[in-house]
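This report concerns only the one structure given below.
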Amino acid sequence: MQRHDTNSGMANSLTDLMTSLAVIFVLLLCASMHNVRQEGETSRNAVLSAVHRELNDFLTQGIQVSQDPKDALSILILVPENLLAFQFDKADIPQGGMSFLKSFIPRLSGILCSDQFSQEINSVVVEGHTDSSGSPGHNCELSQRRSMSVVRASLDILDGDGMVTERERFLKLLSATGRGSAEPIMGLKGAEDMALSRRVVFKIKVRSIEQRPLNDALGVRTG
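Quick note on numbering: the sequence shown equals residues 7 to 229 in the working numbering.
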């Protein structure tokens, strides 16, 4: 009987020990994840501040720079349709849109591809968006072609300006996608704002702390 009580006591003690260790592990994991998120957000905020400063004179033209409410490590730069001057149902960038990009892209790439920030940036996705008029399939295809036009024009501009290093770094970061009318911008009264919904968004993704050692170990450079 005494041996049974001793064994039972040892089992309970072992259970308590394992429970305590599990609690400690969970607390350490939570603290580590919090630190990782804070470091990533610190990098994002540094890039966001630099982008705001460099693009400040574009803000009066309708450019919007903000953090992504859906992703703590992403920055959104919204370019309204009127600045790119796409013609109705067309994906070619007319002269007015090219004039804007010729002043905008060197400034943006100068920040993201600088020695200060190039290793902080994981990707730059150019997203094309339309309003909800037209079929979803057509809108998706049109927005994809427009985003690809912006990517091609951006690289051509850097090449033409002799910004070889920036072009090489920007090329590694850039991709294009068409979102169609999947993410309309709603007005104050709850109805879609058709004009604002027609836009191009530069989505800048900052590297997470986990990606940095992994990319370095694999010899992958994202900037």
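In this text, a Cβ means the ideal position worked out from N, Cα and C, and glycines have one as well.
Only residues of its own chain outside the window of five on either side were considered, and among them 163 have a CB closer than 7 Å to the CB of residue 108, listed in chain order. Residues of the same chain with a CB within less than 7 Å of the CB of residue 86, apart from the 5 flanking positions on each side, are 68, 202, 205 in chain order. Counting along the chain, no alpha helix (DSSP H) covers residue 182; the unbroken beta strand (DSSP E) around it starts and ends at 180-186. Around the CB of residue 195, fewer than 16 other CB atoms lie within 10 Å, so the residue is classed as exposed.
Using a Cβ distance threshold of 8 Å, residue 213 and residue 126 count as a contacting pair. Residue 112 is a Cβ neighbour of residue 169, given a cutoff of 8 Å.
Here residue 197 is exposed: its Cβ has fewer than 16 other Cβ atoms, across all protein chains shown, within 10 Å. Residue 91 places its beta carbon 8 Å or farther from that of residue 148. Taking C-beta atoms under 8 Å as the contact rule, residue 184 and residue 150 qualify, at a distance of about 3 Å. Within the stretch 88-160, complete alpha helix (DSSP H) segments of at least 4 residues are found at 101-118, given in chain order.
Between the C-alpha atoms of residue 190 and residue 135 there is a straight-line separation of about 8 Å. Boundaries of the beta strand (DSSP E) harbouring residue 72: 70-73, taken from the DSSP string.
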